[in-house]
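In the numbering used here, the protein residues as written are 2 to 203.
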């Protein structure tokens, strides 16, 4: 039944009469877009062309010159440049810690993180070697596969997790504790909590 097929997709068939599989009928999707298509195309999995266009990856530029891919629907929902977001969030975390402990070390690639697999060295976001810890500002890409950050390859997410674990182990071997500020956490709350747990503030 054609109408049931449309309803499975949370839409409906607006045409009252069905002639044959090659005659176009009118359809409506859950977003109220209307279009005409033959029943065969719907049976083969095609659906709203307007919604499909919203999901196509497009190339975007921000005012800082960063380039990235995102769908129109993502941008309409309020997301924007992932590079600017990461920089601003890391800078905010840096400023919060600095109010308590002063500025962090400028050496973000210490010698103990320079290994054959990473000769330039793995990088720490906000290191405080004199206090024996560093803060890592973790975006979603450290927790789950994100097509943009992992360049469309799930294996890159696996490599990301392996690199994060390697960094943690190398830091532990050199008496540096890693504390994390995750993308869903409030840095104004979680950073002081970390510092209290480390015995650095009351």
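Where is the CB? At the ideal position from N, CA and C, for every residue including glycine.
By the criterion of a C-beta distance shorter than 6 Å, residue 130 is surrounded in its chain by 106, once the five residues flanking it on both sides are discounted.
Looking only at 156, 83, 197, 169, the smallest Cα-Cα distance to residue 66 is reached by 83. Counted as a single uninterrupted DSSP element, the stretch harbouring residue 124 is not any alpha helix (DSSP H), since DSSP gives it neither H nor E. Under DSSP, the beta-bridge partners assigned to residue 135 are 128, 179. Closest in alpha carbon position to residue 185, among 121, 202, 168, 87, is 87. Membership of residue 168 in the alpha helix (DSSP H) is indicated by the continuous run 155-174. Judged by DSSP secondary structure, residue 198 falls within the alpha helix (DSSP H) whose first and last residues are 188-198.
Assignment of residue 23 by DSSP, reduced to helix, strand and coil, places it in the coil class. Take the alpha-carbon of residue 188 and the one of residue 101: they are about 13 Å apart. Distance between residue 108 and residue 60, taken at the CA atoms: about 34 Å. By the criterion of at least three beta-carbon pairs nearer than 8 Å, the segment 110-122 is in contact with the segment 159-176. Beyond the five residues adjoining it in sequence on each side, residue 3 comes within less than 8 Å, by CB distance, of 14, 19, 26, 40, 43 in the same chain, given in chain order. For residue 37, the enclosing beta strand (DSSP E) begins and ends at 35-38. Contact between residue 143 and residue 165 holds: CB atoms are separated by about 6 Å, below the 8 Å threshold.
Pairing residue 70 with residue 63, the inter-Cα distance amounts to about 11 Å.
In this structure, residue 10 places its C-beta atom within 8 Å of the C-beta atom of residue 48. Between the C-alpha atoms of residue 123 and residue 202 there is a straight-line separation of about 28 Å.
For residue 92, there is no enclosing beta strand (DSSP E); the residue is found in the alpha helix (DSSP H) stretching over 83-102. Residue 140 and residue 153 have their C-alpha atoms some 17 Å from each other. For residue 8, the enclosing alpha helix (DSSP H) has its first and last residue at 3-9.
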